[in-house]
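A.B. asks:
Number of protein chains: 2
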Amino acid sequence: MAEGLGRRERKKQQTRRTLIETAARLFNERGYDATGVADVAEAADVTKRTFFLHFPTKEDVLLSDGPARVELALRVIDERAPQAPPREVLAEAIHAMIADTASRELPNGMAALRARLMVDSPAVQARVLRAVFTAQARIAEALRAAYPETLDRATAASVVGAAVGAVCAAAMASLQDGDAPEATSEAMRQAAAIALHAFDALGEESR
Amino acid sequence: MAEGLGRRERKKQQTRRTLIETAARLFNERGYDATGVADVAEAADVTKRTFFLHFPTKEDVLLSDGPARVELALRVIDERAPQAPPREVLAEAIHAMIADTASRELPNGMAALRARLMVDSPAVQARVLRAVFTAQARIAEALRAAYPETLDRATAASVVGAAVGAVCAAAMASLQDGDAPEATSEAMRQAAAIALHAFDALGEESR
DNA sequence: AATAAAAGTATACCTGGTGTAGTAAGTTAC
DNA sequence: GTAACTTACTACACCAGGTATACTTTTATT
């Protein structure tokens, strides 16, 4: 996406990629807490200050694909609503995010690393949860905005919260059981299916 | 609870209470980021080191009642399961937590302060979400353990994740709308009712 | 009264993160 | 082609959250 953006932009993206890869490698080798930002910068041959010009915190280097995934979900909602009913639109948005995670962050091992670091680093766990929470809020708002007559804020927040909460909890449980990637994404899909029954609680016209 | 525990323990609890009250007051007056741990310690007439002997991080001083609330939910599950069906047991546990929040942390303003700080301090938001996530995991495990034949880990994680996710999302939405405390707790109860329909997705014997 | 345990003190230190000013490379205009 | 403008990056000083260590003082035990 957007390739020919001049040498300056290309070098910037290169620095960014190098920082991400270097950080992932060092976190893997030495552990998260034992790897300082200074170490990552040193190994990537830039200064510590440059790291923070690319990522607001140490944890954010693990979340590079997050924003794109949220945009994906918002695009699905924008394209499918309000022709399709809320339940189907939300289902498709959630499934798009699950598929995106499986295709972009399983090959390079980023999802697995993040899941592992989440278990034994409070800071990583906190950052990931905050990203999920923010994404959830944006999706809920987009869904409400797509059906302004039939969905209020609290209801939209509830059904999206239920879906996202269920999917995340199932993913964590699966990963802690040591499941293979395919088993984990299947568990996420099943959790979504279960949570989407929250729509059964709503009136006919809100589903 | 447990009053006569000797002068030493009483003084320790007194120091702890003073730190909590002082921190809450200063956060209110000057804002969270503008108040350093050193300031809180100074105002409470102890050293910075003493603060960290009572609370592992600056954020934790806002979460003092959290653990007790989780224990409450676990006790409800322990007492009511497996006689009552999973759906009812989870509903009662959630309602107990909502009621406890409303009764213990609305009078002293702690809930309101925490909600406010959560909005404009990433660190507070992160810590609160992490606490919720941990609580959710413990409740899911307790529920699964109470019905070992009929609930697997992923399913338990899904329904609890749905319920907790919905309640939290609804609470945040309500608080950001500036609702009064009673309106917020009502929104939480409604969200729980909606999310508990996730049980409809399960087989007859798992509900 | 003597001893042990534990809360709190004093102080130095580490690391994540920011402010500021400057350099050098890349881009744009003449 | 060169001058002028941007901007990614550097260098360095600094702050706040959090930890390690060694010490003092109060409470509990016998």
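Chains as they are written, first to last, in my numbering: chain A, 1 to 207; chain B, 1001 to 1207. Glycine included, every Cβ here is placed at the ideal spot set by N, Cα and C.
Take every Cβ of the segment 1148-1159 of chain B, pair it with every Cβ of the segment 138-147 of chain A, and state whether three or more of those distances are shorter than 8 Å.
C.D. replies: Verdict: no, contact absent.
A.B. asks: Quick one: residues in its chain with C-beta nearer than 7 Å to the C-beta of T1035(B), no 5 flanking neighbours on either side, listed in chain order?
C.D. replies: Result list for T1035(B): L1026, F1027, in chain order.
A.B. asks: Quick one: measure Cβ to Cβ for A1163(B) and L1090(B), integer angstroms, because I've assumed they're closer than 8 Å.
C.D. replies: Their Cβ separation, rounded to whole angstroms, is 6 Å, which keeps A1163(B) and L1090(B) in contact under 8 Å.
A.B. asks: So, are the CB atoms of G1143(B) and V1160(B) less than 8 Å apart?
C.D. replies: Note that residue 1143(B) is Leu in the sequence shown, not Gly. For L1143(B) and V1160(B), yes; Cβs fall inside 8 Å.
A.B. asks: Is I1194(B) close to chain A? Criterion is C-beta to C-beta, closer than 8 Å.
C.D. replies: Yes, I1194(B) lies at the interface with chain A (some Cβ there is under 8 Å from its Cβ).
A.B. asks: What are the boundary residues of the alpha helix (DSSP H) that includes K1011(B)?
C.D. replies: Element bounds for K1011(B): 1006-1030.
A.B. asks: Taking only beta-carbon positions, decide if A201(A) is within less than 8 Å of chain B.
C.D. replies: A201(A) counts as touching chain B.
A.B. asks: Give me, in chain order, the residues of the same chain whose beta-carbon lies closer than 6 Å to that of R1016(B); leave out the 5 immediate sequence neighbours on both sides.
C.D. replies: Only H1054 meet the Cβ criterion.
A.B. asks: Using the beta-carbon count (16 or more within 10 Å), is L1019(B) buried or exposed?
C.D. replies: Per the 10 Å Cβ criterion, buried.
A.B. asks: Buried or exposed for K11(A), please, with buried defined as at least 16 other CB atoms from any protein chain shown within 10 angstroms of its CB.
C.D. replies: Flag for K11(A) reads exposed.
A.B. asks: In the structure shown, what three-state DSSP assignment does T150(A) receive?
C.D. replies: Note: T150(A) maps to coil in three-state DSSP.
A.B. asks: Kindly say whether R1130(B), judged by its beta-carbon, lies nearer than 8 Å to any beta-carbon of chain A.
C.D. replies: Yes, its Cβ sits closer than 8 Å to a Cβ of chain A.
A.B. asks: With a Cβ-Cβ cutoff of 8 Å, do R189(A) and P85(A) count as a contact?
C.D. replies: No, the Cβ-Cβ distance between R189(A) and P85(A) is not below 8 Å.
A.B. asks: Verify whether the separation of the beta carbon atoms of S158(A) and A1170(B) is less than 8 Å.
C.D. replies: Yes, these two residues count as a Cβ contact at 8 Å.
A.B. asks: What three-state label does DSSP hand M1(A) in the structure shown?
C.D. replies: Note that M1(A) scores 42 on pLDDT, short of 50, meaning its location in the model is unreliable and no value can be drawn from it.
A.B. asks: What is the rounded straight-line gap between the Cα of E205(A) and the Cα of I94(A)?
C.D. replies: In a straight line, the C-alpha of E205(A) is about 21 Å away from that of I94(A).
A.B. asks: Using the Cα positions of S174(A) and G109(A), report the straight-line distance between them to the nearest angstrom.
C.D. replies: Cα to Cα, S174(A) sits roughly 16 Å from G109(A).
A.B. asks: Please state whether the Cβ-Cβ distance between D1200(B) and D120(A) is less than 8 Å.
C.D. replies: No, the Cβ-Cβ distance between D1200(B) and D120(A) is not below 8 Å.
A.B. asks: Using 8 Å for Cβ pairs, my map puts A146(A) next to A81(A). What's the rounded Cβ distance?
C.D. replies: Confirmed, about 4 Å.
A.B. asks: I want to see whether chain A comes within less than 8 Å of V1164(B), judged by CB atoms only; does it?
C.D. replies: Yes - at least one Cβ of chain A is within 8 Å of the one on V1164(B).
A.B. asks: When you check each C-beta in the segment 1124-1154 of chain B against every C-beta of chain A, which residues fall closer than 7 Å?
C.D. replies: Flagged, chain order: Q1125, A1126, R1127, L1129, R1130, F1133, Q1136, A1140, R1153, A1154.
A.B. asks: Please list, in chain order, the residues of the segment 1162-1190 of chain B that have any C-beta partner in chain A closer than 8 Å.
C.D. replies: Here the close residues are A1162, A1163, V1164, G1165, A1166, V1167, C1168, A1169, A1170, M1172, A1173, S1174, D1177, A1187, Q1190.
A.B. asks: Under 7 Å Cβ to Cβ from A1043(B), same chain only, skipping five residues before and after it: list those, please.
C.D. replies: Once the five neighbours on either side are set aside, the close Cβ partners of A1043(B) are T1022, L1026.
A.B. asks: Interface residues of chain A around P1122(B) at Cβ under 8 Å?
C.D. replies: Under the 8 Å cutoff, chain A gives R130.
A.B. asks: Within the same chain, show all residues whose beta-carbon is closer than 7 Å to that of A123(A), passing over the 5 residues directly before and after it, in chain order.
C.D. replies: Around A123(A): E59.
A.B. asks: Can you give me the start and stop residues for the alpha helix (DSSP H) that P181(A) sits inside?
C.D. replies: P181(A) -> alpha helix (DSSP H) spans 181-195.
A.B. asks: Output the residue ranges of the beta strand (DSSP E) runs that lie fully inside the segment 52-97 of chain A and measure 3 residues or longer, sorted by chain position.
C.D. replies: Segments of the beta strand (DSSP E) lying fully in the segment 52-97 of chain A: there are none.
A.B. asks: How about S1158(B): is its C-beta nearer than 8 Å to some C-beta of chain A?
C.D. replies: Closer than 8 Å: yes.
A.B. asks: When we look at the beta-carbon of L5(A) and count the other beta-carbons within 10 Å, is it buried (16 or more) or exposed?
C.D. replies: Exposed, since its Cβ has fewer than 16 Cβ neighbours within 10 Å.
A.B. asks: Taking the alpha helix (DSSP H) that R1116(B) falls in, what are its first and last residues?
C.D. replies: Taken as a continuous stretch (DSSP letters only), the alpha helix (DSSP H) holding R1116(B) covers 1110-1120.
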